[in-house]
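Chemist: Under the numbering used here, the residues of the sequence shown are numbered 19 to 581, in order.
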Amino acid sequence: MQYQAPVDDMMFLVRDVFSLTKRLGHIADFSDFDEDLYHAILEEAGKFATGVLQPINRSGDEEGCHFEDGVVTTPKGFKEAYQAYVEGGWQSITADPNYGGQGLPKALHVLIEEMFYSANTSFCLYGSLTGGATQLLQAHADDATKEKYLPNLISGQWSGSMCLTEAHAGSDLGLLKTKAEPNDDGSYSIEGSKIFITGGEHDMSENIIHLVLARLPDAPEGPKGISLFLVPKFFVNDDGSLGERNGIVCGSIEHKMGIKASSTCVMNMDNAKGWLIGPPHRGLACMFTMMNLERLSIGIQGIGLGEMSYQQANTYANERLQGKATDGEAPAPLIKHGDVQRMLNTMESFNKGGRALGVWLGSYLDVAFHSEDKEAVKVADVMSAWLTPIAKAYFTDAGYETCTIGQQVFGGHGYVREWGMEQHVRDCRIAQIYEGTNGIQALDLVGRKLIGSKGEFLDTFLSEINKDLEGLPASDRKDKVIKHLSELKELSTTIITKSADKPDMPQLIACDYLHYVALVTYAYLWLKMEVAANGGLDEQSDFFFKRVLPRTLGLKASIESEL
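In structure tokens:
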């Protein structure tokens, strides 16, 4: 089935739900953009996703990447698709115009990424890492480094990678052993090995700019002793041309459950040369600029795959004749069976709620990165910090559930390769694991964002929602959202209070708490969408509030059992 980009649904969020031109119009960087431009870009992104990316999705999965003598070759058609991606300007969407970027809002970019993830997740990952590397260098590199590397990263002529994980350390970056020795010329010699490096080696771009975490000789132990280094695949000469090959090479690629056309590499550094980015021993703090953007991107992966799975399942349910419907029709399309309707409605609840949260979070990132209003930036920073782990973990948990539901709609046909549903399940599964496992996201939300801030982040979150609710018309649904927000505040206060005497409790309840907060957030967003649609979404919203939101009852009971 051909992917149909949900441009109308996306523009509904851009125009009617969040009014992005008004929400971001006071920011100078976005003042020249309007809804017509946003619509035109989404239309073109949809065409690119359908016409260029989707046709090589299944073949890329079946062929996978090839590795020989340190060289990685991507599947047939990927190199040509990447060239079209670069020529279309898709890598430069949100980047700084001073270095060749288009400077468009992240709130728009999350929708473009969703389309690309829907059409071809493996392909989309290459650009996602490059975008994160670009933002990191924009935030933390000196001017000379920016001038040297950003234009070609932003254009997509070069790509980026993030080299964090080591075989013995996993998620505990404080244990990493990669070493960096200073050289007389201001560079550093890097020695070590990294694993699970997405896009660490491939044949689509001229150069790969690796951002590597390593330890200086005088580094203290733990996370506070980590520094960040830029390590290019090929050295870059003063005139911008490429020089000799650096000592960072791919030792092997992983053979994975899914995302098989995305090269997941072991990267070995033997006297590789790198340059320090940011202050010594502050590398992890700098890297979080990239990591947080990647976490949102991977969350969008869950929505994109969930949307593709829904489209295929919905089409199949309307065409497949099976059994007898309640109105007596036999054989009847699957869509007439109540349980199939339940499955499709559940999928749609997750997809549309997640898409709305992605745009909402994107708009806060836009304010945080671009606004000159210090108070607005302060609020946006808190909201971004609070919402990012929720987006990464819940989008992907819900995305995986959505993909398995879509597979279930197909029955046995969903389990065989022919229909493509099993690939969505395999491709989505990794999203719950990389960029910080969803358990780690939950611990971040409860430990750092809730307890660590003594509830201040939560209060900002609730304040932002309640201010918006004041402008929405009175209704039973609005009362229900307000009630859930009040219960969230009460439950969260109890968690903070009791955490001092129960140090293990936050870990025991973290995942349930994240899901609880996510569902309450979705309730607010579904209410907001329902009001904006003026009756056009009543049936879908009704399903969310009656059949999905009640999951909070079990989650709340589970949390309270540990308090």
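Every residue gets a Cβ at the ideal spot worked out from N, C-alpha and C, and that includes glycine.
(1) So, with DSSP's three-state summary, where would you put histidine 228?
(2) What residue ranges within the stretch 51-134 form continuous beta strand (DSSP E) runs of no fewer than 3 residues, ordered along the chain?
(3) Helix, strand or coil: how does DSSP classify alanine 187 here?
(4) When burial is assigned at 16 or more other CB atoms within 10 Å of the CB, is aspartate 288 buried or exposed?
(5) Which residues does DSSP pair with tryptophan 176 in a beta bridge?
(6) One question on the structure: do tyrosine 534 and leucine 503 come within less than 9 angstroms of each other, judged by their Cβ atoms?
(7) Could you compute how far the alpha carbon of valine 104 sits from the alpha carbon of serine 173?
(8) Can you grab the Cα-Cα spacing for the pair glutamine 459 / isoleucine 408, in whole Å?
(9) If you draw a straight line from the C-alpha of leucine 379 to the C-alpha of isoleucine 226, how long is it?
(10) Examine the Cβ distances between the stretch 241-256 and the stretch 269-277 and report whether three or more of them are shorter than 8 angstroms.
(11) Of the residues Asp27, Pro24, Glu53, Val25, which one's Cα is nearest the Cα of leucine 38?
(12) With distances taken Cα to Cα, identify the nearest neighbour of isoleucine 451 among Asn552, Val25, Gly417.
(13) Which of the three DSSP states, helix, strand or coil, is assigned to asparagine 363?
(14) Quick check: the Cα distance between threonine 307 and threonine 152, rounded to an integer number of angstroms?
(15) So what's valine 254 in DSSP terms, helix, strand or just coil?
(16) Buried or exposed, going by whether 16 or more other CB atoms sit within 10 Å of the CB of leucine 461?
(17) When the Cα atoms are used, what is the spatial distance from glutamine 156 to glycine 178?
(18) List the residues that DSSP assigns as beta-bridge partners of tryptophan 293.
(19) Please classify leucine 373 as buried or exposed, where buried requires at least 16 neighbouring CB atoms within 10 angstroms.
(20) With respect to the alpha helix (DSSP H) encompassing leucine 573, which residues constitute its N-terminal and C-terminal limits?
(21) At which residues does the alpha helix (DSSP H) containing alanine 151 begin and terminate?
(22) Using 10 angstroms around the beta-carbon of asparagine 116, count the other beta-carbons present and answer buried if the total reaches 16, otherwise exposed.
(23) I want to know whether the stretch 198-210 touches the stretch 132-145 - three or more CB-CB distances under 8 angstroms.
(24) By a C-beta neighbour count over all protein chains shown, 10 Å radius and 16 as the cutoff for buried, is valine 32 buried or exposed?
(25) Can you name the start and end residues of the alpha helix (DSSP H) that threonine 406 belongs to?
(26) Can you determine whether any heavy atom of the ligand GTP sits closer than 8 angstroms to the C-beta of cysteine 304, and answer yes or no?
(27) Which one or two residues does DSSP pair with asparagine 286 in a beta bridge?
(28) Would you kindly work out how many angstroms separate the C-alpha atoms of glutamine 120 and alanine 113, rounded to a whole number?
(29) Are the Cβ atoms of tryptophan 176 and threonine 216 separated by less than 9 angstroms?
(30) Would you call the stretch 310-326 in contact with the stretch 471-485, where contact means no fewer than 3 C-beta pairs closer than 8 angstroms?
(31) Apart from the five residues on each side of it in sequence, which residues of its chain come closer than 6 angstroms, Cβ to Cβ, to isoleucine 514?
(32) Quick one: grab the DSSP three-state call for alanine 237.
(33) Please confirm whether phenylalanine 368 and glutamate 419 have their CB atoms less than 9 angstroms apart.
(34) If you drop the 5 nearest sequence neighbours on each side, which residues of the same chain put their C-beta closer than 7 angstroms to that of aspartate 34?
(35) So, is glutamine 20 buried or exposed, given that buried needs 16 or more other C-beta atoms within 10 angstroms?
(36) Can you tell me the Cβ-Cβ gap for valine 267 and glycine 88, rounded? I've got them flagged as a contact below 8 angstroms.
Modeler: On the basis of the supplied data:
(1) What you label residue 228 is simply residue 210 of the sequence shown in a count that begins at 1. In the structure shown, histidine 228 sits in a strand (DSSP, three-state: E or B).
(2) For the stretch 51-134, whole beta strand (DSSP E) runs of length 3 or above, ordered along the chain, are 84-86, 89-91.
(3) Along the sequence shown, read from residue 1 onward, the residue named residue 187 stands at position 169. Correct three-state label for alanine 187: coil.
(4) Here residue 288 corresponds to residue number 270 of the sequence shown, with the count starting at 1. Counting Cβ neighbours within 10 Å, aspartate 288 comes out exposed, since fewer than 16 surround it.
(5) Counted from its first residue, the sequence shown places residue 176 at position 158. Under DSSP, tryptophan 176 takes part in a beta bridge, and its partners are Asn225.
(6) Your numbering for residue 534 matches position 516 in the sequence shown. Your numbering for residue 503 matches position 485 in the sequence shown. Taking 9 angstroms as the Cβ cut-off, tyrosine 534 and leucine 503 do not qualify as a contacting pair.
(7) Taking the first residue of the sequence shown as 1, we reach residue 104 at position 86. Taking the first residue of the sequence shown as 1, we reach residue 173 at position 155. Going from the Cα of valine 104 to the Cα of serine 173 covers about 6 angstroms.
(8) For the purposes of this step, residue 459 is taken as the residue at position 441 of the sequence shown. For the purposes of this step, residue 408 is taken as the residue at position 390 of the sequence shown. Their Cα atoms are separated by approximately 7 angstroms.
(9) Within the sequence shown, residue 379 is the residue found at index 361, counting from 1. Within the sequence shown, residue 226 is the residue found at index 208, counting from 1. Rounded to whole angstroms, leucine 379 to isoleucine 226 spans 29 angstroms at the Cα level.
(10) At 8 angstroms Cβ cutoff, the stretches do not touch.
(11) Counting from one through the sequence shown, the residue named residue 38 turns up at place 20. Each of Asp27, Pro24, Glu53, Val25 was checked against the Cα of leucine 38, and the nearest Cα belongs to Glu53.
(12) Numbered from its first residue, the sequence shown carries residue 451 at position 433. Nearest in C-alpha terms to isoleucine 451, of all of Asn552, Val25, Gly417, is Gly417.
(13) Taking the first residue of the sequence shown as position 1, residue 363 is located at position 345. For asparagine 363, the three-state secondary structure derived from DSSP is helix.
(14) Taking the sequence shown and counting its residues from 1, the one referred to as residue 307 is at position 289. Taking the sequence shown and counting its residues from 1, the one referred to as residue 152 is at position 134. Rounded to whole angstroms, the separation of the alpha carbons of threonine 152 and threonine 307 is 10 angstroms.
(15) Translated into positions along the sequence shown, residue 254 becomes position 236. It is a strand residue.
(16) As a first step, residue 461 must be located in the sequence shown, where it is residue number 443. Within a 10 Å sphere around the beta-carbon of leucine 461 sit 16 or more other beta-carbons, which makes this residue buried.
(17) As a first step, residue 156 must be located in the sequence shown, where it is residue number 138. As a first step, residue 178 must be located in the sequence shown, where it is residue number 160. A straight-line Cα-Cα distance of about 13 angstroms links glutamine 156 and glycine 178.
(18) Here residue 293 corresponds to residue number 275 of the sequence shown, with the count starting at 1. BP columns for tryptophan 293 point to Leu248.
(19) Here residue 373 refers to the residue found at position 355 of the sequence shown. In the sequence as displayed, the identity of residue 373 is arginine instead of leucine. Burial check for arginine 373: the Cβ neighbour count within 10 Å reaches 16 or more, so the residue is buried.
(20) Residue numbering aside, residue 573 sits at position 555 when the sequence shown is read from its first letter. Under the DSSP assignment, leucine 573 falls in the alpha helix (DSSP H) whose first and last residues are 569-578.
(21) In the sequence shown, counting from the first residue as 1, residue 151 sits at position 133. Segment 139-158, the alpha helix (DSSP H) holding alanine 151.
(22) The count along the sequence shown starts at 1 and reaches residue 116 at position 98. Taking every protein chain shown into account, the CB of asparagine 116 has fewer than 16 other CB atoms within 10 angstroms, so this residue is exposed.
(23) No, they do not touch.
(24) Reading the sequence shown from its first residue, position 14 is the one you call residue 32. Valine 32 is classed as buried because its beta carbon has at least 16 other beta carbons within 10 Å across all chains shown.
(25) Taking the sequence shown and counting its residues from 1, the one referred to as residue 406 is at position 388. Element bounds for threonine 406: 392-427.
(26) Among the components modelled here there is no ligand, and therefore nothing to report on the ligand GTP.
(27) As a working note, residue 286 is residue 268 in the sequence shown. Its beta-bridge partners are Ser211, Val267.
(28) As a working note, residue 120 is residue 102 in the sequence shown. As a working note, residue 113 is residue 95 in the sequence shown. The straight-line gap separating the alpha-carbon atoms of glutamine 120 and alanine 113 is approximately 6 angstroms.
(29) The residue you call residue 176 lines up with position 158 of the sequence shown. The residue you call residue 216 lines up with position 198 of the sequence shown. Cβ distance not < 9 angstroms, so tryptophan 176 and threonine 216 don't count as in contact.
(30) No, the stretch 310-326 does not touch the stretch 471-485.
(31) One-based indexing of the sequence shown puts residue 514 at position 496. Here the set comprises Ile469, Gly473.
(32) Mapped onto the sequence shown, residue 237 falls at position 219. In the three-state DSSP reduction, alanine 237 falls in the coil class, being neither helix nor strand.
(33) The residue you call residue 368 lines up with position 350 of the sequence shown. The residue you call residue 419 lines up with position 401 of the sequence shown. Taking 9 angstroms as the Cβ cut-off, phenylalanine 368 and glutamate 419 qualify as a contacting pair.
(34) Locating residue 34 in the sequence shown gives position 16, counting from the first residue. The beta carbon of aspartate 34 is closer than 7 angstroms to those of Ala550 in its chain, skipping five residues each way along the sequence.
(35) Walking along the sequence shown from the start, residue 20 turns up at place 2. Using a 10 angstroms sphere on the CB of glutamine 20, the tally of other CB atoms stays under 16, which defines it as exposed.
(36) As a first step, residue 267 is located in the sequence shown; it is residue number 249 there, counting from the start. As a first step, residue 88 is located in the sequence shown; it is residue number 70 there, counting from the start. About 5 angstroms separates the CB atoms of valine 267 and glycine 88; that is less than 8 angstroms, so the two are in contact.
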